[in-house]
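Q: I am attaching a structure below and will ask some questions about it afterwards.
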Amino acid sequence: MALLEASGITVRFGGITAVDDASISAEAGTITGLIGPNGAGKTTLFNVITGLQPPTRGKVRFRGSDITKGSPNSRARAGMGRTFQRLEAFGSLSVRENVLVAREIHLGVKLIGRKQDTMVDELLERVGVARYAQQRADSVPTGTARLVEMARALAIEPKLLLLDEPSSGLDEAETEHFGQLLRALALDGTAILMVEHDMDLVMGVCDVIHVLEFGKVIASGTPAEIRADRKVQAAYLGFSDEEPVVPPIPAAHLPSESEINATTIELPAVESAS
Ligand code: ATP
Numbered sequence: 002m003a004l005l006e007a008s009g010i011t012v013r014f015g016g017i018t019a020v021d022d023a024s025i026s027a028e029a030g031t032i033t034g035l036i037g038p039n040g041a042g043k044t045t046l047f048n049v050i051t052g053l054q055p056p057t058r059g060k061v062r063f064r065g066s067d068i069t070k071g072s073p074n075s076r077a078r079a080g081m082g083r084t085f086q087r088l089e090a091f092g093s094l095s096v097r098e099n100v101l102v103a104r105e106i107h108l109g110v111k112l113i114g115r116k117q118d119t120m121v122d123e124l125l126e127r128v129g130v131a132r133y134a135q136q137r138a139d140s141v142p143t144g145t146a147r148l149v150e151m152a153r154a155l156a157i158e159p160k161l162l163l164l165d166e167p168s169s170g171l172d173e174a175e176t177e178h179f180g181q182l183l184r185a186l187a188l189d190g191t192a193i194l195m196v197e198h199d200m201d202l203v204m205g206v207c208d209v210i211h212v213l214e215f216g217k218v219i220a221s222g223t224p225a226e227i228r229a230d231r232k233v234q235a236a237y238l239g240f241s242d243e244e245p246v247v248p249p250i251p252a253a254h255l256p257s258e259s260e261i262n263a264t265t266i267e268l269p270a271v272e273s274a275s
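Residue numbers in the sequence shown follow this note's numbering, run continuously in steps of one, and reach 275 at the last position.
Here it is as structure tokens:
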């Protein structure tokens, strides 16, 4: 059994079915990506897994237990760490204090001592924000703040790390460093599940990708399988998957949103009847 198994998840908001009988899983030591066009249901499914959104139907199992009705806090105690799309750090505390507090809240005790100091310092170093340790969290650049979020999530030593749009606000070099960090965490046995729009990052670091469209999982597989999948190509490019794919996606990654918006279709010239 996988570390995390979300099975048959459906979420309805009034007449809208945001997630429709979706099943996804995440394994220890593996990076899993959850992708799909805007409005596909990624955030809603993510929220079901983190406990912010009760599902209309379906089950979430984590480490062998049914946690479908568990609160976000009980999930954190069971070993789920998460970051938010909106940055959640305490602005008036230093970067270092933010990580320490996240650990204290998790353990439910005030932590004092060299052991905790070392742990926090190593974490800041590992995530790449050590030089900002004494700065107020609200004074660091957005890219750094994202990494502080990551350090806070890691402070609870999670078995499963859930990341919502982790690369947003990161520049190219930061994103590359971030990808390396994710690989290192996976190598240490952490399971990672991330909702992400940066296809280079997703295709570069994920072992498995689930693709959502209109709330349904339309494909699950390795980056190479996902790239070659006609339903996925159709979902991103907007043509019917019944039509022949001409030309196939040539690039090493799926097109970004801006690339899709910039796509112009050359129609063949029509000869005049006269
Ligand atoms: P994006 O990539 O744009 O963040 P997404 O794939 O995360 O999109 P969701 O935010 O999960 O998609 O939304 C899926 C669908 O559910 C959308 O049609 C959205 O408008 C709808 N939806 C999401 N949350 C609610 C809500 N609280 N009430 C009503 N409809 C909602």
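Every residue, glycine too, gets a C-beta built ideally from N, C-alpha and C. For clarity, every value in this text was computed on a predicted model and none was experimentally measured.
1) Compute every distance between the C-beta of residue 44 and the non-hydrogen atoms of the ligand ATP, then say whether any falls below 7 Å.
2) What residue from 177, 96, 161 has the CA that sits closest to residue 137's CA?
3) Could you name each continuous beta strand (DSSP E) segment of 3 residues or more that falls completely within the segment 206-244, going from the start of the chain to the end?
4) When burial is assigned at 16 or more other CB atoms within 10 Å of the CB, is residue 93 buried or exposed?
5) Could you have a look at residue 18 and say whether DSSP puts it in helix, strand or coil?
6) Do residue 167 and residue 81 have their CB atoms nearer than 8 Å?
7) Is residue 85 near the ligand ATP, going by C-beta to nearest heavy atom under 7 Å?
8) Quick check: what's the CA-CA separation for residue 180 versus residue 56?
9) With three or more beta-carbon pairs closer than 8 Å as the criterion, would you say the segment 199-211 touches the segment 173-187?
10) By alpha-carbon positions, which one of 3, 23, 6, 2 ends up nearest to residue 12?
11) So, do the segment 24-39 and the segment 212-222 have three or more beta carbon pairs nearer to each other than 8 Å?
12) Give me the DSSP bridge partner(s) of residue 1.
13) Excluding the 5 residues preceding and the 5 following residue 79 in the sequence, name in chain order all residues of the same chain whose CB lies nearer than 7 Å to its CB.
14) Please report the straight-line C-alpha distance between residue 157 and residue 103, rounded to a whole angstrom.
15) Using only CA atoms, which one of 133, 126, 152 lies nearest to residue 83?
16) Confirm, please, whether the CB-CB distance from residue 206 to residue 183 is below 8 Å.
17) Could you check the C-alpha separation between residue 250 and residue 222 for me, to the nearest Å?
18) The ligand ATP and residue 220: does any heavy atom of the ligand fall closer than 7 Å to the residue's C-beta?
19) Leaving aside the five residues before and after residue 203 along the sequence, list all residues of the same chain whose C-beta is less than 7 Å from its C-beta, in chain order.
20) Under the rule that 16 or more other beta-carbon atoms within 10 Å means buried, what is residue 224, buried or exposed?
21) Report whether the distance from the Cβ of residue 39 to the nearest heavy atom of the ligand ATP is below 7 Å.
22) Can you tell me whether residue 14 sits near the ligand ATP, meaning its C-beta is under 7 Å from at least one heavy atom of the ligand?
A: Taking the definition as stated:
1) Yes.
2) Ranking 177, 96, 161 by Cα distance to residue 137 puts 96 first.
3) For the segment 206-244, the continuous beta strand (DSSP E) assignments of 3+ residues that do not extend past its boundaries occur at 209-214, 217-222, in sequence order.
4) A residue is called buried once 16 or more other Cβ atoms fall within 10 Å of its Cβ, and residue 93, having fewer, is exposed.
5) Residue 18 falls in the strand class under three-state DSSP.
6) For residue 167 and residue 81, no; Cβs fall outside 8 Å.
7) The ligand ATP never approaches residue 85 closely enough for any of its heavy atoms to be under 7 Å from the residue's Cβ.
8) Answer to the nearest angstrom: the Cα atoms are 31 Å apart.
9) Yes, since at least three Cβ pairs between the segment 199-211 and the segment 173-187 fall closer than 8 Å, the two stretches touch.
10) For the set 3, 23, 6, 2, the Cα lying nearest the Cα of residue 12 is the one of 23.
11) The segment 24-39 makes contact with the segment 212-222, as at least three CB pairs between them are under 8 Å.
12) Because the chain here runs from 2 to 275, residue 1 falls outside it and cannot be looked at.
13) Around residue 79: 63, 64, 68.
14) Taking the Cα positions, residue 157 is about 7 Å away from residue 103.
15) When only C-alpha atoms are compared, the closest one is 152.
16) Between residue 183 and residue 206, the CB-CB gap stays under 8 Å.
17) Bear in mind that a pLDDT of 45 at residue 250, under 50, signals an unreliable position, so the number given afterwards is only what the model happens to contain. Distance between residue 250 and residue 222, taken at the CA atoms: about 17 Å.
18) Residue 220 Cβ: outside cutoff for every heavy atom of the ligand ATP.
19) Apart from the 5 residues on each side of it in sequence, residue 203 sits with its Cβ closer than 7 Å to the Cβ of 34, 36, 197, 210 in its chain, given in chain order.
20) With 16 or more other Cβ atoms within 10 Å, it is buried.
21) Distance from the C-beta of residue 39 to the nearest heavy atom of the ligand ATP is below 7 Å.
22) At a threshold of 7 Å, residue 14 counts as near the ligand ATP, since its beta carbon sits closer than that to one of the ligand's heavy atoms.
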